[in-house]
Every structure is written in structure tokens, then in C-alpha cells.
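Numbering (my numbering), first residue to last: 20 to 317.
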């Protein structure tokens with residue numbers, strides 16, 4: 020059995036985690052929890068894998084790292100980052116939690132390319148001890164990807180048993196069409212866009228209507244970028260399934276402290292090592308509520 024491109028650039032650490040190497044960069048996984056609303060309480064339902072590049076021991080911007088990589092290497096780098104996240108998820112995350120990993124559909128120009136990449140990914144999942152049904156493939160918005168490329172790639176993901184999430188939903192015509200055509204399992208709402216809608220009663224009503232429509236179709240919804248208590252309050256009132264943001268937990272480098280937060284016990288709000296711990300959300304009746312545009316006492 021041949022060794023995958025991703026595994027070829029992996030270094031195993033003594034603590035059981037893995038790091039990646041690409042040129043002058045060392046790559047580490049960070050994970051951010053995604054919380055689900057459950058009868059007025061929050062519990063950890065999933066984690067999103069995020070890449071953290073380092074150069075000479077100093078942290079670098081992920082955007083800068085990807086911008087310095089030649090286009091011809093993008094497919095291999097994508098494989099490396101996903102491999103890193105999956106190996107580290109197997110090593111330090113709760114076994115029942117879902118794992119969100121990002122894909123850029125524009126690099127999978129042919130179905131054969133996608134099929135080969137996904138076969139390698141399943142080998143990595145086997146090595147990490149992760150059931151493929153735990154994996155949510157987050158399809159990022161890439162205007163450079165043709166509709167045919169996008170549809171063929173999503174079909175390949177489904178054929179391998181993975182769930183699909185559409186990222187950065189903002190209700191543009193292109194976003195609405197993507198949902199109709201791709202029929203994802205999950206929609207992640209764009210953070211800036213939902214914040215704008217939460218600033219007015221009419222905007223919040225529109226947001227609530229869209230969430231209800233998706234949920235009635237069996238599509239779960241995630242609000243990203245939740246950074247303040249009033250946003251969390253409105254996310255819950257809107258009927259959204261899940262939330263993600265700094266007000267709940269910041270990303271942590273692997274190995275994380277998140278393994279203890281399984282579905283069998285309540286999940287307190289946690290902060291990254293070195294950050295000031297975020298307070299756990301108060302019961303619903305004690306949270307501040309939003310008078311659209313400003314916070315008022317409950």
C-alpha cells in the first residue's frame with residue numbers, strides 16, 4: 020500500500036500528536052469547538068480543524084502561508100493539512116464529536132483527482148481510528164471552481180460517506196443556488212452577515228425565517244463568529260442548531276484540553292491555553308438580551 024502525500028510530510032511527536040513540514044514552515048493543528056443548543060444548554064458537538072503555520076518557531080498568518088505556496092502545490096498542501104487535522108483529532112478529541120475539515124473544490128478539477136484524494140483520506144481515517152461518518156467536509160466558496168467541478172466533487176464526497184457543509188452562507192443569489200443544487204447536510208452562516216442582520220428587528224426576522232426553512236429541510240445551521248453574549252442569545256432565539264465563536268471557546272493547538280468534553284457530560288465554555296478563561300454561559304433567563312443595536316439588562 021503506497022504512502023499518502025499527506026503522511027509523507029508528517030512528523031509524529033512524543034505526546035501522540037503530529038506536526039507537518041512544508042518547505043520552511045512547520046504546520047500545527049488547532050481545533051475550535053462547535054457547540055449545539057440542547058434544551059437550553061450548550062454541549063460540544065463538533066470541532067473545526069484550523070491550520071497554524073510557524074517559521075523559525077514564530078507563528079505566521081495562515082493566509083500568508085497559503086499565498087506563498089505555488090498553485091501547483093495546492094492539492095498536496097490541502098492533503099497535508101487535512102491529514103494533520105485528522106491524525107490529531109484521533110489523538111486528542113472526544114471520540115463521538117464530528118470533525119469539520121475544509122476543502123477547496125477548485126483544486127479538484129477532475130473526478131479522478133477527487134477520488135484519489137479521498138481514497139488517501141480514508142487511509143488516514145483508518146490510521147487515526149476515526150469513523151468516516153464523523154467527518155464533515157466544509158466546502159469553501161471558490162469562484163474559480165466551475166459548477167461542474169463543484170458538483171462532481173460533492174458527489175465524490177458523498178460517495179465516500181462524508182457529510183457536506185456549505186461555508187460562508189450569506190443569502191446572495193449564488194449562495195441560495197448552491198444550497199438548492201448541493202443539498203448539504205449543514206450550512207454555516209457568514210459571521211459578518213449574521214451580525215448585520217442581528218442589528219435590526221427586520222434583519223433578525225429574516226434570519227430566523229431562513230434558519231427555520233433550512234431546519235425544516237433537514238439542514239442543520241451553524242452561526243460562526245459569535246463573539247458577544249447578545250449574539251449568542253439571538254442565535255438561540257433564531258433556532259440555529261449550533262454556534263461557534265470566541266465567546267464560547269478559542270481554538271487550541273493540539274494536544275488540546277478538549278478530550279474531556281464528550282457528549283456524556285456537560286460542556287463548559289473553555290478558552291485557549293494562555294487566554295483569559297471565558298465565563299460559562301448563564302442559564303437562559305440570566306443572559307443579557309438584545310434590543311437590536313444595543314444591549315439592555317434582562
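The beta-carbon is built from N, C-alpha and C at its ideal position, and this holds for glycine as well.
Item	Value
Hey, how far is the Cα of residue 290 from the Cα of residue 118?	With a pLDDT of 33 at residue 290, under the threshold of 50, the modelled position of that residue is not reliable, and the figure given next carries that caveat. Distance between the alpha carbons of residue 290 and residue 118 is about 19 Å.
Less than 8 Å between C-beta atoms, sequence neighbours within five positions excluded: which residues of the same chain meet that for residue 246?	264, 265, 266
Note down the Cα distance separating residue 230 from residue 32, rounded to an integer number of angstroms.	42 Å
Per DSSP, which residues does residue 45 bridge with? Please list them.	40, 73
Of the choices 274, 42, 209, whose alpha-carbon is the least far from that of residue 262?	209
With distances taken from CA atoms, which of 198, 243, 156, 75 is nearest residue 181?	156
My parser needs the alpha helix (DSSP H) runs of 4 or more residues fully inside the segment 67 to 146; what are they?	81 to 87, 93 to 111
Tell me, to the nearest whole angstrom, how far the beta carbon of residue 260 is from that of residue 234; I am working on the premise that it is less than 8 Å.	7 Å
On the DSSP bridge list, what partners appear for residue 182?	155
Following the continuous beta strand (DSSP E) through residue 206, name the residue where it begins and the one where it ends.	205 to 208
Between the C-alpha atoms of residue 206 and residue 175, what's the straight-line distance to the nearest angstrom?	19 Å
Since residue 272 sits in a beta bridge, which residues does DSSP pair it with?	49
Return the chain-ordered list of same chain residues with a C-beta closer than 6 Å to the C-beta of residue 120, the five sequence neighbours on each side being excluded.	68, 101, 104
Which value, in whole angstroms, describes the spacing of the CA atoms of residue 88 and residue 96?	8 Å
To the nearest angstrom, report how far apart residue 294 and residue 72 are at their CA atoms.	Summary for residue 294: the model assigns pLDDT 37, below 50, so the residue's position carries little reliability; its value from the coordinates is reported in the next sentence. About 19 Å.
Could you check whether the segment 48 to 63 touches the segment 125 to 143, counting it as contact only if at least three pairs of C-beta atoms, one from each stretch, sit closer than 8 Å?	no
Could you tell me which of 66, 219, 249 sits nearest to residue 277, measuring between CA atoms?	66
So, under 8 Å CB-CB, residue 45 and residue 38 are touching, yes? Tell me the CB distance rounded to an integer number of Å.	6 Å
For residue 226, I'd like the list of residues in its chain whose CB is within less than 6 Å of its CB, leaving aside the five on either flank, ordered along the chain.	216, 257
Report, in whole angstroms, the separation of the C-beta atoms of residue 123 and residue 168, which I expect to be a contact under 8 Å.	The Cβ separation is near 11 Å, so there is no contact.
Return the residue from the list 154, 186, 75, 242 that minimises the CA-CA distance to residue 106.	154
Residue 133 and residue 171: beta carbons closer than 8 Å?	yes
Using a 10 Å radius around the Cβ and a threshold of 16 neighbouring Cβ atoms, would you call residue 40 buried or exposed?	exposed
Which whole-angstrom value is the C-beta distance of residue 203 and residue 184, which I expect to be below 8 Å?	6 Å
With a cut-off of 8 Å on the beta carbons, I'd call residue 52 and residue 273 a contact; round off their distance for me.	The Cβ separation is near 13 Å, so there is no contact.
Please name the residue, chosen from 195, 221, 250, 219, that lies closest to residue 232 on a Cα-to-Cα basis.	195
Could you check which residue in 214, 94, 43 has the C-alpha nearest to that of residue 76?	43
Does DSSP put residue 173 in a helix, a strand or coil?	helix
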